[in-house]
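Mapped onto this note's numbering, the consecutive letters of the sequence shown carry residue numbers 21 to 331.
Step one of this worksheet: look at the structure below.
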Amino acid sequence: MKSVKAFAPATVANVSCGFDILGFAIDAMGDEVEVRLKDEPGLVVVSIEGDEGRLPYEVEKNTCAVAIQAMLDEMDSQVGMEIYLKKGLPLGSGMGSSAASAVAALVAANRLLGEPFEKKNLLPFAMAAEKVACGAGHADNVAPSLLGGFVLIRDYHPLDVIKLHVPHGLHCTLLHPHFELKTSDSRSVLRDNVSLKHSTIQSGNVAGLVTGLFQEDFELIGRSLRDVIAEPYRATLIPGFYETKEAVKGAGALGMGISGSGPTMFTLSKGEEKSQAIINAAQQVYDSIGLGVDSYHSAINTRGAYILEEK
21 MKSVKAFAPA
31 TVANVSCGFD
41 ILGFAIDAMG
51 DEVEVRLKDE
61 PGLVVVSIEG
71 DEGRLPYEVE
81 KNTCAVAIQA
91 MLDEMDSQVG
101 MEIYLKKGLP
111 LGSGMGSSAA
121 SAVAALVAAN
131 RLLGEPFEKK
141 NLLPFAMAAE
151 KVACGAGHAD
161 NVAPSLLGGF
171 VLIRDYHPLD
181 VIKLHVPHGL
191 HCTLLHPHFE
201 LKTSDSRSVL
211 RDNVSLKHST
221 IQSGNVAGLV
231 TGLFQEDFEL
241 IGRSLRDVIA
251 EPYRATLIPG
261 FYETKEAVKG
271 AGALGMGISG
281 SGPTMFTLSK
291 GEEKSQAIIN
301 AAQQVYDSIG
311 LGVDSYHSAI
321 NTRGAYILEE
331 K
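This is the structure in structure tokens:
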């Protein structure tokens, strides 16, 4: 093989109560990366599409290149590769844009080298890219993008990642208001300390959500989609958040939260048929405040990243 192209899906991180420890993948959108072997050693980012010229070509700043370089360093390899990135995700959207690029690049490069790493063992390299992209090597986007489904990061030291059950019929709707919210801004509003009361509430909701997934108890899933740690502060940065939350629950959503650091919001519902009503309810809210909103609905992606083409 001289070339491999891979796809990695968009993700929802935090899932309301699971700040930095929960995430899931969706089918609706994602990034594509093609990696080609070259004769000279070293990495080169050759082209980037769909980013409006905003992403860096420098290998030490580009998440695709950082992820692949971390893998090559682990192998002590000097192999040369060209990287071609096609963005399907908007930047600064809260849909795991940087994570999808890194994961797709890793899956393609790993296959090109004969798969020296099992899929799950690519995760630390993707986390290295996340650290460059947003200042912290969290796994709640890269893990579900790589592995698919719902993922729990039980611990980071050492890294302990667990795939959770995905109930049949669980559906996601994403609502992306037309403005960009930087991860750094979303993190800057968070508090350094959490009260015992809020820690107890949040722990109960995480346990309830995980239990609801395994028991396919949709009402329990909905009751558990409550965040008392990050959402109260981040919601103030998203126009129309609370109005939208109330509207979509009235339209049949189990619950709504902020996807990652925002501004995208996610809802979960039982079955796809409620998606259009949820979208219509959100659209009415944003029409009333004069702000555009894009919407996507999708089953939960249980496959994760995969190969598109090899030649």
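Cβ atoms here follow ideal geometry from the backbone N, Cα and C, with glycine treated the same way.
All figures in this text were calculated on a predicted structure; none of them were measured in a lab.
Asked: For the candidate residues Asp-40, Ala-33, Val-53 and Met-49, whose alpha-carbon lies nearest to that of Ala-329?; Found: Here residue 329 is Glu; the residue named in the question, Ala, does not match the sequence. Closest by alpha carbon: Val-53.
Asked: Going by CA-CA distance only, name the one from Ile-327, Ser-289, Ala-302 and Ile-298 that's closest to Ala-319.; Found: Ser-289
Asked: Could you name the residues of the same chain whose beta carbon sits closer than 8 Å to that of Asp-180, not counting the 5 residues immediately before and after it, in chain order?; Found: Ile-173 and Arg-174
Asked: So does the segment 202 to 221 actually touch the segment 126 to 133, counting three or more Cβ pairs closer than 8 Å?; Found: no
Asked: Could you please give the first and the last residue of the uninterrupted alpha helix (DSSP H) stretch that includes Ala-120?; Found: 117 to 132
Asked: Pairs of beta-carbons, one from the segment 27 to 41 and one from the segment 242 to 251, closer than 8 Å: are there three or more?; Found: yes
Asked: Going by DSSP, what residue range makes up the alpha helix (DSSP H) through Thr-264?; Found: 261 to 270
Asked: Of all the options Gly-272, Ala-122 and Ser-113, which has the alpha carbon lying nearest to the alpha carbon of Gly-198?; Found: The amino acid occupying residue 198 in the given sequence is His; Gly does not appear at that position. Checked all of Gly-272, Ala-122 and Ser-113; the closest Cα to His-198 is Ser-113.
Asked: With three or more C-beta pairs closer than 8 Å as the rule, is the segment 98 to 107 touching the segment 144 to 153?; Found: no
Asked: Would you tell me roughly how many angstroms separate the C-alpha atoms of Val-305 and Val-313, rounded to the nearest one?; Found: 10 Å
Asked: So what does Cys-192 bridge to, in DSSP terms?; Found: Leu-288 and Ser-318
Asked: Apart from the five residues on each side of it in sequence, which residues of its chain come closer than 7 Å, Cβ to Cβ, to Arg-74?; Found: Leu-111
Asked: What would DSSP say about Leu-75, mapped onto helix, strand or coil?; Found: coil
Asked: Which residues share a DSSP beta bridge with Ile-68?; Found: Leu-105
Asked: Quick one: give me the first and last residue of the alpha helix (DSSP H) that Glu-94 is part of.; Found: 83 to 95
Asked: If you measure between the beta carbons of Gly-43 and Val-230, is that distance less than 8 Å?; Found: no
Asked: Return the first residue and the last residue of the beta strand (DSSP E) that Ala-30 is part of.; Found: 23 to 33
Asked: Here's the rule I'm using: 16 or more other beta-carbon atoms within 10 Å means buried, otherwise exposed. How should Leu-311 be labelled?; Found: exposed
Asked: Between Asn-300 and Ala-45, which are expected to be in contact by the criterion C-beta below 8 Å, what is the C-beta distance as a whole number of angstroms?; Found: That pair is no contact at about 25 Å.
Asked: Span of the beta strand (DSSP E) holding Lys-183?; Found: 179 to 184
Asked: Can you tell which of Tyr-262, His-188, Ser-206 and Gln-303 has its C-alpha closest to the C-alpha of Gly-282?; Found: Ser-206
Asked: Can you list, in chain order, the residues of its chain whose CB lies under 7 Å from that of Ala-153, leaving out five sequence neighbours each side?; Found: Thr-83 and Ser-118
Asked: Could you tell me which residues DSSP puts in a beta bridge with Asp-175?; Found: Asp-180
Asked: Since Leu-132 contacts Val-55 with CB under 8 Å, what's their CB separation in whole angstroms?; Found: 6 Å
Asked: Considering only the beta carbon of each residue, do His-196 and Thr-264 sit closer than 8 Å?; Found: no
Asked: In chain order, what residues of the same chain lie with their CB nearer than 6 Å to the CB of Val-32, ignoring the 5 residues before and after it?; Found: Phe-44, Ser-279 and Phe-286
Asked: Closest to Ala-302 by CA distance: which of Leu-57, Gly-50 and Gly-260 is it?; Found: Gly-260
Asked: Kindly indicate which residue of Ser-208, Tyr-253 and Gly-70 has the alpha-carbon position closest to the one of Gly-50.; Found: Gly-70
Asked: Taking only the alpha-carbon atoms, compute the straight-line gap between Leu-63 and Met-91 and give it to the nearest angstrom.; Found: 12 Å
Asked: State the Cα-Cα distance for the pair Ile-88 and His-158, rounded to the nearest angstrom.; Found: 17 Å
Asked: Tell me the residue span of the beta strand (DSSP E) that contains Arg-254.; Found: Not the beta strand (DSSP E): Arg-254 falls in the alpha helix (DSSP H), residues 251 to 254.
Asked: Cutting at 7 Å between CB atoms, please list the residues of its own chain near Gly-272, excluding the five before and the five after it.; Found: Ser-289, Lys-294, Ala-297 and Ile-298
Asked: Measure the alpha-carbon distance for Gly-324 versus Phe-234 and round it to whole angstroms.; Found: 19 Å
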